[in-house]
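Comments concern the structure below.
2 protein chains.
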Amino acid sequence: MPTNPREARPLEGVTVVDVTQVIAGPFATMNLGDLGADVVKIEAVGRGDRSRSIDPIPEYFDTINRNKRSIEVDLKSEDGREIVTELAREADVFVESAKPGRMEAFGLSYERLSAENPTLIYCSISGFGRDSPYGELPAWDALVQAMSGIMSVTGQEGGPPLWSGLPSGDLITSMYTTQSVLAALYARQRGIIDGEWIEVPMLDAAISWLSARAGHTFGLGEPFPRLGTRHPTLSPFGVYSCADEDIVIAAGTDSLWRDLCAVLGLEELREDERFSTASTRAEHHDALKTEIEAVLADGSAEEWVDALQGANIPAGPIHDTRSVWEDEHVKGRGLRRTLERDGRADAEVIDHPIHFSTLATELSRPPETLGESTADVLEELGYDDGEIERLREADVIG
Amino acid sequence: MPTNPREARPLEGVTVVDVTQVIAGPFATMNLGDLGADVVKIEAVGRGDRSRSIDPIPEYFDTINRNKRSIEVDLKSEDGREIVTELAREADVFVESAKPGRMEAFGLSYERLSAENPTLIYCSISGFGRDSPYGELPAWDALVQAMSGIMSVTGQEGGPPLWSGLPSGDLITSMYTTQSVLAALYARQRGIIDGEWIEVPMLDAAISWLSARAGHTFGLGEPFPRLGTRHPTLSPFGVYSCADEDIVIAAGTDSLWRDLCAVLGLEELREDERFSTASTRAEHHDALKTEIEAVLADGSAEEWVDALQGANIPAGPIHDTRSVWEDEHVKGRGLRRTLERDGRADAEVIDHPIHFSTLATELSRPPETLGESTADVLEELGYDDGEIERLREADVIG
């Protein structure tokens, strides 16, 4: 059996300097923090991460910034750059999401910082990376969803393309950022590399997710269509109305189809030629939906979900962002967590979703106010009270 | 500067036994393969990964199964289990996505395999993990999108919830799988753990992505609404019609708003009280859209994208899964790759999106036919031709 007597976290002792804002970078460094890294979040003096104001509620920021220490530093000042350089000198990881060229202008390029710290893993998130025809075009999530093809597959049949209600372009980028940093840390630990520069282009990251949807185009030459809540090749599969509310049923195999017919008392449909195979069922999806909904109309969503799940048929409610927290599984897991904060409202966050048998993840530090750890971090770097006061008066720090 | 004279990949020499199918597991192990791992994909004899038949085109499978060796093994037979056990004995990583309890029934539980190989990192993907009220309910992507709240935020205002056109529930799970395996490999390399069992529940993974959307609910007590292609707090931001086609414009800051007015010749709108601040612009989103589209009607989407991008305003086309490959950036990066295969059609795949400065990623092995490497892998385990023939005749292998 594996052992981990100290309940150590996988990134314990790893230090991350985080010069990112909004979602793509912060969600990635939050995951590094959950895994045990000590993350120092650099924020603009007096203004901070744009997500502190992009939405008028602080909970937006809170959901993606736990497990970080916030310090306010003006990167445009020489003293401010020196602070960040000192942090990078001791750090394992540096993550930034400025426009290409901006960190060079600040004197905080990979070349500069790796000269100070040859084992630094430096990760640059940007819309398109270097050498793109789109140059320094700011890449907002909406644009990435549009240009990557993600929007084109989302929406009703015959309707316009919609974007995913989640900031998928940002979040896909986050996941590749964390993955790449972990791969580089592992390679460094194995002695394969000293340090590394990693470039994460949002558009390229989003396009990688087209995967099987691109396969449709590679095989058939046609764009993958918008299908609302229909499945391209499986039925019954989608949204079905009960007496009160809609539910999802995903009976994607022949055996699930048979089980579904049994629960609904629709065994006669199994003899119907239109529904005899997966492909004919998909072809006659609308007719099949009508037959199924005629039965579902006799009961509530809750009753039908219980009956279907009781027969191990994948079916469930369509939760919204409020009802999901009342779900029995979600409550049992404690996925909604409250992190206590002194002197201000507690933070509501979502727990790290992965369970390790012996490694620990931890939500040890609630999201901080702007610059909450400025003095602490500077003291760790060796600045004394007088210097900190001088820097604060000069607006180098907040 | 970092060095990596051999152009080594971060997971070079790492071996992965992959007992997953469809998308969530295979996309994760594909990423491990891109990063250099040797992935052996275990498939059911004569049938294989369900994604070989879930869609009638082989390109579906191909887009998520490069960099793996396919072997056909019957896990229900004792000889088959012995083959998988022998592979796990030498492996670093084992990934499975069977229903909870199924691997135990096969004699391939974490307990059994870690007894043979105490340094094994064993990752279990399932819909809900152990100890869930949903028990062994099969978790299809559609169900996870519904139950997690992802669907609820996707769709037109006033319209029904839709799912993301990408299998987001599966792909989020994939990214957490890769991330967790890498974190455990790193922890093992550092001596923090011997081996590890990792549990990745799809529903929990998907819920973690609600992030800022959940923040809206935590702050305001209301479900996050469906907004079609409108942004909750920013405008101009969304889909706008030109003379021929729609484009996306994401002018999410005051300075982008000023730049946009200049390019469109709409400077007078900056004096309009309805549009003076971000929040009033969002409030009068429809009126602002009408003003903007009146100007955009004078030119084509291509002309306006050129003009807007030329002024560094985030704007671009809405690509579909066919047009995206004609994009100048996408072509320049070579994101659509052709992997040559002997004796059958070449495979079309999407390149790994991340660039390392010295570490390499590689698409070295095209997607294989079912059981293409069965004999090779068994020979590496020490089976001779006679044994392989006997196992094949007994349908233990394909």
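Chains as they are written, first to last, in the working numbering: chain A, 467 to 864; chain B, 467 to 864. Every residue gets a Cβ at the ideal spot worked out from N, C-alpha and C, and that includes glycine. Fair warning: this is a prediction, and the values are worked out from it, not measured in the lab.
For Phe703(A), there is no enclosing alpha helix (DSSP H); the enclosing beta strand (DSSP E) has its first and last residue at Phe703 to Ser707.
Taking the CA atoms as reference points, Ser592(A) sits about 56 Å from Glu734(A). For chain B, none of the residues of the segment 538-554 of chain A brings a beta carbon within less than 7 Å of one of its beta carbons. Within the segment 636-647 of chain B, contact with chain A at the beta-carbon level (separation under 8 Å) is assigned to Leu637, Ile638, Met641, Tyr642, Thr644, Gln645 and Ser646. Annotation: the segment 476-539 of chain A contains the following complete segments of the alpha helix (DSSP H) (minimum length 4 residues), in chain order: 490-500 and 524-528. If only uninterrupted beta strand (DSSP E) runs of at least 3 residues are considered, those enclosed by the segment 577-639 of chain B are 587-592.
Per DSSP, the beta bridge partners of His821(A) are Glu665(B).
Under a criterion of Cβ atoms nearer than 8 Å, the residues of chain B adjacent to Tyr526(A) are, in order, Ala678, Gly681, His682 and Gly685. Shown here, Thr746(A) sits in a helix according to DSSP, grouped into three states. Rounded to whole angstroms, the separation of the alpha carbons of Glu538(B) and Gly514(B) is 7 Å.
Residues of the segment 691-703 of chain A that bring their beta carbon within less than 8 Å of a beta carbon in chain B comprise Arg692, Leu693, Gly694, Thr695, His697, Pro698, Thr699, Leu700 and Phe703, in sequence order. Scanning His785(B), Ala781(B) and Val705(B) for the CA closest to the CA of Asp752(B) turns up Val705(B). In this structure, the alpha-carbon of Arg654(B) lies about 6 Å from that of Asp660(B). Here the C-alpha atom of Gly601(A) lies approximately 48 Å from the C-alpha atom of Ser707(A). Out of Glu662(B), Ser823(B) and Thr746(B), the CA that lies nearest to the CA of Glu577(B) is found in Glu662(B). Counting only the Cα atoms, Ile715(B) lies some 10 Å from Ala612(A). In the three-state reduction of the DSSP assignment, Glu562(B) falls in the strand class. Close partners of Leu762(A) in chain B (Cβ separation under 9 Å) are lacking, with about 15 Å as the shortest Cβ gap. Of all residues in the segment 652-670 of chain A, only Tyr652, Ala653, Gln655, Arg656, Ile658, Ile659, Asp660, Gly661, Glu662, Trp663, Ile664, Glu665, Val666, Pro667, Leu669 and Asp670 place a beta-carbon less than 7 Å from a beta-carbon of chain B. Contacts with chain A at 9 Å (Cβ-Cβ) include Glu602(B). If you ignore the 5 residues before and after Arg516(A), its C-beta comes within less than 7 Å of the C-beta of Gln487 and Val488, all in its own chain and listed in chain order. Comparing C-alpha distances from Asp504(B) to each of Leu754(B), Asp720(B) and Ser536(B) shows the shortest one belongs to Ser536(B).
A distance below 6 Å between beta-carbons, with the five flanking residues on each side excluded, links Arg555(A) to the following residues of its chain, in chain order: Glu582 and Asn583. In this chain, the alpha helix (DSSP H) harbouring Ala841(B) covers Thr840 to Glu846. At a cut-off of 9 Å between beta-carbon atoms, Ile816(B) makes contact with chain A. For Glu759(A), the uninterrupted alpha helix (DSSP H) run begins and ends at His751 to Leu762, by DSSP.
Taking the beta carbon of Thr481(A) as reference, no residue of chain B falls within 9 Å; the closest one sits roughly 14 Å away.
Rounded to whole angstroms, Leu477(B) and Ile713(A) show a C-alpha spacing of 42 Å.
DSSP places Gly782(B) within a strand segment (E or B) once states are collapsed to three. In this structure, DSSP gives Ala813(B) an extended state, which the three-state scheme calls strand.
The residues Pro627, in chain order, have a CB closer than 6 Å to that of Ser618(A) in the same chain once the five nearest residues on each side in sequence are set aside. Bridge partners of Arg788(A) according to DSSP: none are assigned. For Val862(A), no beta strand (DSSP E) segment is defined, and its DSSP state is neither H nor E.
Cβ atoms of Leu648(A) and Leu754(B) stay farther apart than 8 Å, at about 43 Å.
Of all alpha-carbon atoms in Asp540(A), Glu548(A) and Glu768(A), the one lying nearest the alpha-carbon of Arg858(A) is that of Asp540(A). Contact between Leu700(B) and Gly718(B) holds, since their C-beta atoms are separated by about 4 Å, short of 8 Å.
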